[in-house]
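Heads up, the thing below is written out as structure tokens.
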Amino acid sequence: MLKSTIFREYDIRGIADDDLLSPGIQLLGQAVGTYIQRRYGRKVNAGRDVRLSGERLRDAFVAGLVASGCEVTDVGRVPTPLLYFSVGHTGAHGGVMITGSHNPAEYNGFKILAGDGTIYGAEIQELRRMLEAGDLATGEGSVRSYDVETPYVDAVASQFTDLPRRVKVVFDAGNGAAGPVMHRILERLNVDRLNVDATELFFEMDGHFPNHHPDPTVEENLDQLKRKVIETGSELGIAFDGDSDRIGAVDERGKVVWGDYLLLIYAREILQRKPGSTFIGEVKCSQVMYDELRRLGANAIMYKTGHSLIKAKMKQEHAELAGEMSGHMFFKDRYYGFDDALYAACRLLEIVSRSGQPLSAQTDGLSVMVNTPEIRVDTPDEVKFAVVEQVAEHFRRTRQIVDVDGARVLFPHGWGLVRASNTQPVLVMRFEASTPELLSQYRQEVEAVVEEAKHAVAAG
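Numbering follows my numbering, in which position 296 of the sequence shown is assigned residue number 299; successive positions increment by one, without gaps.
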């Protein structure tokens with residue numbers, strides 16, 4: 004039987020050769036097939052990223068889907084956005100993406116779509132209960148293969164074939180799933196004339212990740228991209244994570260443009276066409292982003308971290324775009340509303356092309372704040388939420404806080420965040436202030452309260 008600990012908030016994930024053994028994964032596939040059939044129908048699509056364990060897990064999971072009676076369409080080794088796209092394109096009732104995303108190479112997991120949404124939280128725990136109870140449908144299913152790359156490339160590239168001017172760019176696929184598909188998109192963009200003068204780094208899919216780990220939220224993973232952008236005189240650099248649902252970017256000087264500023268760049272372009280639009284960010288995003296969006300007349304909503312939660316909130320608020328610090332970008336404007344770094348890359352190229360200037364021009368004139376990256380503090384799962392609640396209670400007495408996801412403590416010239424990770428036994432903290440001195444002051448104040456709370460919770 005599979006360990007209960009692999010059933011996370013947003014997905015099912017673990018160390019492939021320890022936690023995801025084939026007999027248990029076949030039963031998981033049967034449970035997922037049962038779940039989708041009872042609610043939506045029998046047609047389920049399956050894809051996998053470049054992880055070395057992906058083929059084995061695909062074979063086991065698909066065998067379970069077939070045993071439950073599902074009609075399975077295998078879209079092969081593809082980026083996660085192509086699996087999402089395939090579900091709508093083929094009229095499937097659900098889908099599974101076998102991916103380790105940005106986790107270390109030995110990990111793998113399953114993102115599950117049912118109907119038109121990704122399941123999370125209580126729905127994932129329902130799958131666990133079905134497995135434990137043996138509540139599994141049986142039937143005679145089938146498997147077929149399908150090339151989703153061609154219709155996907157057609158759908159994406161057709162929006163960007165007439166850029167106003169040529170853009171010089173470096174792409175870093177990190178040996179993940181993005182390379183071959185991005186190469187095909189670039190070929191299409193350059194059919195009639197050279198729209199995109201692209202340098203391609205690490206476009207060969209390789210689950211060993213021999214050059215660097217494909218996680219663009221870790222700045223050292225962008226070092227080769229930065230150097231190549233400067234060496235080639237490019238206007239920007241774009242990186243993808245392992246399964247291509249998160250984008251990273253650097254400007255022509257090699258400076259990282261993080262997810263919250265990318266969201267702002269995209270949103271400003273949308274506001275020119277759709278004034279007053281709604282945009283959703285998460286609690287780790289810079290206050291500069293929220294303030295600038297509101298100054299431009301947008302409805303800017305701060306919400307919880309997590310791609311499944313963000314997608315649900317987008318539908319509720321009819322948002323044109325949502326984004327996270329991690330580089331997940333969800334375009335409803337001109338697109339389907341799911342997180343797609345390949346599409347987001349094309350949108351960024353379009354903005355730079357139209358502006359006539361390199362990427363740095365998109366952030367010129369914004370307030371300059373000093374901030375930390377995400378700070379992760381090991382904290383056991385059974386106490387992490389209680390610690391955050393104690394921190395929130397402390398600061399409610401002295402400061403204004405935003406408690407939509409943890410505690411974002413507002414200071415006169417900045418803020419500090421403490422939230423419990425939904426995927427790991429850690430507390431996540433981030434700080435922002437107008438000066439380095441204030442940043443240090445705010446961080447020390449919050450960290451002191453966190454330590455007090457940890458001791459208090461441990462003492463009972």
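Think of the CB as a built atom: it goes at the ideal place given N, C-alpha and C, for glycine as much as any other residue.
When secondary structure is reduced to three states using DSSP, S356 falls in the helix class. Of the candidates V355, G262, R256 and G124, G262 places its Cα closest to the Cα of R249. Under DSSP, W261 takes part in no beta bridge, so it has no partner.
R337 and R168 have their C-alpha atoms spaced approximately 21 Å apart. Under the DSSP assignment, Y110 falls in the beta strand (DSSP E) whose first and last residues are Y110 to A117. Under the three-pair Cβ rule at 8 Å, the region 23-41 does not count as touching the region 434-452.
The closest CA to that of H92, considering only V53, Y339 and G417, is found on Y339. Residue pairing for F174: DSSP places it in a beta bridge opposite E203 and I241. Here DSSP, grouped into helix, strand and coil, assigns I122 to coil. K46: not part of any alpha helix (DSSP H); member of the beta strand (DSSP E) spanning K46 to R51, first to last residue. Between the C-alpha atoms of N302 and E109 there is a straight-line separation of about 41 Å.
Scanning V260, F414, L413 and A315 for the CA closest to the CA of G118 turns up A315. Rounded to whole angstroms, L413 and Y346 show a C-alpha spacing of 35 Å.
Restricted to the region 327-381, the alpha helix (DSSP H) segments that are unbroken, complete and at least 4 residues in length are 344-358, listed in chain order. Closest in alpha carbon position to G112, among V159, R59, E129 and E74, is R59.
For a cut-off of 8 Å, the C-beta gap from L420 to K287 is around 6 Å, short enough to register as a contact. Nearest to R191 by alpha-carbon distance, out of S247, D157 and F205, is D157.
With a cutoff of 7 Å on beta-carbon distance, M208 and V53 are scored as near each other. Counted as a single uninterrupted DSSP element, the stretch harbouring S247 is not any beta strand (DSSP E), since DSSP gives it neither H nor E. Remark: fewer than three beta-carbon pairs, one from each stretch, lie closer than 8 Å, so the region 351-366 and the region 377-388 are not flagged as touching. Contact annotation: E152 and V199 have beta-carbon atoms that are not nearer than 7 Å.
For V460, the closest of E435, E385 and T426 by C-alpha to C-alpha distance is E385.
Non-local beta-carbon contacts of A136 in its own chain, meaning distances under 8 Å to residues more than five positions away in sequence, are absent. A straight-line Cα-Cα distance of about 44 Å links F341 and A462.
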